[in-house]
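The block underneath contains the structure these notes are about, expressed in structure tokens.
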Amino acid sequence: MIARHRQGLGPIMAALALVSAWGCSEEASVGLPVGGDGGAMVDAAGAGGMGGGVDVGPGGMGGGPGGDMGPGGCDPYQFRGESFFCSQLDRCNEQNISFRLACCECDPQLCNPPPGGCVPDQPDGGVPPADMGVPPQPEPVESCMRCHNGAAANNDYSGNGLSNPHPFPPAAQLRCTQCHGGNPNGGGKEGSHVPAPPSIGDKQFQANNPQAWFNRLTLTGIDKLQPATYQGPDGAQWTNLDFLQFVNPGDLRVVAEGRGCGEGGCHLNEHAQWVTKSMIATTNGLMSGARYTVGVDNRIPENRNLDQNTASDVSPRAVQNPNYNPNNRDVGEVGRLQEHAELAQFTGTMRDNGNYAAANLPNHIINANQDPAKPNRVRAGSPLEHLIDEQISMTCGDCHLYSAGANNRYADFRSSGCTACHMEYSYDGRSRSGDPNVNRFEPANPDQIAAPERAHIEVHQIRNVAKILPNGAFVRGISDRACVGCHQGSNRTVLQYWGVRMDQNADVVNDTQYPANPNTFADTAADTRLYDPAVNNQTFNGRNANQHLLEEDYDGDNRDDTPPDVHYEAGLGCIDCHGSRDLH
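All residue numbers for the sequence shown refer to our numbering, where the first residue is 14 and numbers rise by one.
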């Protein structure tokens, strides 16, 4: 075993320990299942668990007055930007302060009094207007809130179940149906939920229908199912997009229609429009790059010969660039991308079709006699082009935001769209939320999910950048674990960042690596970042410990020649450098 050579993290860990001492975590309210990866504030391995830097406000660490960190700097009025209603303070009381994440923002025992004293429920603590009128009555509690949270009177997440996913002002009390849709006045599951399209069905149907289960698991093509409109058990009319929004309000196909996260007043005309054209949504570098490599013609005529014929042409969904000017364009900029359709079907035209037989495929390569200037290219529109496109889409091109990916094995569980990053799944795909109606034991075998199982988000909590709130509480941000599920296969960035090298064929373990094996090496069997002893997983994203190497010494100096990145060793996570501008 090679000795680890890491820089000291003492000052960083000490600072984080001080931060977490004042924090309260949403997960504290529910007993985490054995092997839970969600409860730790900071990963012992460094940035892997923290996955996000702390915000430093204008006044210093924590953003409170004078830059104080901890209870001394608590000023909820400045932080929240809300009215000085005493009832706003009273909601965070002795009984729920340690259980509700939103209460971390505002511990009434530590808060400063409002300017001029607190007149009960008076705006800004000042003199009330001559006629305040009748205060608005709270909306009736939604059926979803009663069932999944336990709140009986108001839509305030006051129950012990599902936590408030969006405790961020000025929209800290969103109703369930504002995001998910559904029937807020329905009776029970059947009356409240949006039913699945007929071709998706319920779990019993999916258990015996591989295509239905695959589409439900990956969310692939749900917006294109036929019929587009269908009737629920209670006679109500629903659309495929209604169901997709119900399952995931952050799906880009939902967001693009001004629904869910893309609704007016939420993230419309900003992130909702930006991310649909981003690289992590279109993956046009992978798809278009692969097509360029085999020499097939660009599908968009006006893009041919741009930038030495390297311009992008395809995306999982069609994308338009309204600001495109062909006479004043940046390198790589294009006006549109075509939809890259999935051709394969369970009973489609490719299966058992002689046109796709291996013996016939060479006929679809343009030879030197046919085109002396550009030989050895795949002919556009040929079965060989279809096969190449399909292979890329299904095996290495599913890590885009327009679907939930394979979503079927340890460390590969996620959702689609905004949710893929902002609501993390645990590696094993099991729920750690307080929702009493979520199955906490599926998938039964995290290494390989089985029909009709599906994974669940770890906790019902939106994450963005990790923050130290003015009262010293630490709110978890997007961690490296949200990134590694995609950036580990074709793009091995996160593993390399951690100091893990992929050896797909286990050449080092089998002593068959060319030109030579390292003098010493260590696999990842004992690396708890990848293999959790409590979960006892045997794979990480479909590979075993022999295919991921932790350390290699090729020159005999007892030092790791494939070490972690220096920024990882210093405690930085992916999100510390790759922020909103990069990802949206």
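For each residue, glycine too, the CB sits at the ideal point set by N, CA and C. Values in this document were obtained by computation on a predicted structure and should not be read as measured data.
Inset, instruction - Using 10 angstroms around the beta-carbon of R422, count the other beta-carbons present and answer buried if the total reaches 16, otherwise exposed. - result: When all chains shown are included, R422 counts as buried.
Legend entry - Whether T233 touches A241 by CB criterion (8 Å): In this structure, A241 does not lie closer than 8 Å to T233 by Cβ.
Legend entry - Sufficient close CB pairs (3 or more, under 8 Å) joining the segment 443–455 to the segment 157–173: Verdict: yes, contact present.
Legend entry - Member of L254, E155, R542 and V513 whose CA lies at the smallest distance from the CA of D13: Outside the shown range of the chain, which is 14 to 597, sits residue 13, and nothing can be said about it.
Legend entry - Spatial distance of L414 from E352 (CA atoms): Rounded to whole angstroms, L414 to E352 spans 14 Å at the Cα level.
Inset, instruction - Return the bridge partner residues of F534 from the DSSP annotation. - result: E565.
Legend entry - Q517 burial status per 10 Å Cβ neighbour count (16 or more: buried): Q517 counts as exposed, since fewer than 16 other C-beta atoms from the protein chains shown sit within 10 angstroms of its C-beta.
Inset, instruction - Measure the C-alpha to C-alpha separation of P546 and Y369 and round it to an integer number of angstroms. - result: Each residue's alpha carbon lies about 45 Å from the other.
Inset, instruction - Would you tell me roughly how many angstroms separate the C-alpha atoms of V268 and G430, rounded to the nearest one? - result: So the alpha carbons of these two residues sit roughly 8 Å apart.
Inset, instruction - May I ask you to report which of helix, strand or coil DSSP gives M436? - result: If DSSP states are grouped into helix, strand and coil, M436 belongs with coil.
Inset, instruction - Work out the CA separation of D326 and S301 for me, nearest whole Å. - result: Those two C-alpha atoms are separated by around 6 Å.
Legend entry - Cβ neighbour criterion (16 or more within 10 Å) applied to E598: Here the chain covers residues 14 to 597 and nothing more, so residue 598 does not appear.
Inset, instruction - Measure the Cβ-Cβ separation of V309 and V207 and say whether it is below 8 Å. - result: Not in contact: V309 and V207 (Cβ atoms no closer than 8 Å).
Inset, instruction - For M363, name the three-state secondary structure that DSSP assigns. - result: Note: M363 maps to coil in three-state DSSP.
Inset, instruction - Could you work out which residue in N168, P329, M292 and A324 is closest to D343 when comparing CA atoms only? - result: Its Cα nearest to that of D343, the residue A324 stands out among N168, P329, M292 and A324.
Legend entry - Terminal residues of the beta strand (DSSP E) in which L350 lies: From DSSP, the beta strand (DSSP E) with L350 extends over R349 to E352.
Inset, instruction - Using beta-carbon positions only, say whether S444 and M436 come within less than 8 Å of one another. - result: No; because the gap between Cβ atoms is not below 8 Å, this pair is not in contact.
Legend entry - Presumed contact (8 Å Cβ cut-off) between G345 and T231, rounded CB distance: Going by Cβ atoms, the distance from G345 to T231 rounds to 29 Å, so no, they are not a contact pair.
Legend entry - Status (buried if at least 16 other CB within 10 Å, exposed otherwise) for P153: By the neighbour-count criterion, in which a residue is buried when 16 or more other Cβ atoms sit within 10 angstroms of its Cβ, P153 is exposed.
Legend entry - Candidates M292, A294, R317 and Q526, of which the one nearest R304 by Cα: Per the C-alpha coordinates, the member of M292, A294, R317 and Q526 positioned closest to R304 is R317.
Inset, instruction - Sort out for me which residues DSSP pairs M515 with in a bridge. - result: In the DSSP output, where bridge partners are listed per residue, M515 has H561.
Legend entry - Inter-residue spacing [alpha-carbon to alpha-carbon] between I401 and G201: The alpha-carbon separation between I401 and G201 amounts to approximately 47 Å.
Legend entry - Buried or exposed (CB count within 10 angstroms, at least 16 for buried), C157: Label assigned to C157: buried.
Legend entry - beta strand (DSSP E) segment containing Q244, residue limits: Unbroken beta strand (DSSP E) run through Q244: T242 to Q244.
Inset, instruction - Examine the Cβ distances between the segment 456–472 and the segment 496–507 and report whether three or more of them are shorter than 8 Å. - result: The segment 456–472 vs the segment 496–507: no contact.
Inset, instruction - Can you give me the Cβ contacts of I379 inside the same chain, cut-off strictly under 8 Å, excluding the 5 residues immediately before and after it? - result: So the list reads G308, K387, P388, N389, R390, V391 and R392, once near-sequence residues are dropped.
Inset, instruction - Can you give me the start and stop residues for the alpha helix (DSSP H) that Q286 sits inside? - result: Following the DSSP letters along the chain, one finds Q286 inside the alpha helix (DSSP H) bounded by residues H284 to W287.
Legend entry - Where the beta strand (DSSP E) containing Q250 begins and where it ends: Taken as a continuous stretch (DSSP letters only), the beta strand (DSSP E) holding Q250 covers Q250 to T252.
Inset, instruction - Identify whether F227 lies in helix, strand or coil by the three-state DSSP scheme. - result: The three-state secondary structure of F227, taken from DSSP, is helix.
Inset, instruction - Answer with buried or exposed for T8, where buried requires no fewer than 16 other C-beta atoms within 10 angstroms of its C-beta. - result: Residue 8 is absent from the model: the chain starts at 14 and stops at 597.
Inset, instruction - Enumerate in chain order the residues of its own chain whose CB-to-CB distance from T13 is below 8 Å, with the five nearest sequence positions on each side excluded. - result: Not covered by the structure: residue 13. The range shown for the chain is 14 to 597.
Legend entry - Cβ separation of G194 and Q258, assumed to be a contact under 8 Å, to the nearest whole Å: Right, their Cβ atoms sit about 5 Å apart.
Inset, instruction - Put I475 into one of helix, strand or coil per three-state DSSP. - result: DSSP, read as helix, strand or coil, puts I475 in coil.
Legend entry - Spatial neighbours of P456 in its chain, beta-carbon cut-off 6 Å, leaving aside the 5 residues before and after: Beyond the five residues adjoining it in sequence on each side, P456 comes within less than 6 Å, by CB distance, of G442, I462 and E466 in the same chain, given in chain order.
Legend entry - Sub-8 Å separation of I470 and Y440 beta-carbons: The criterion of a C-beta distance shorter than 8 Å is not satisfied by I470 and Y440.
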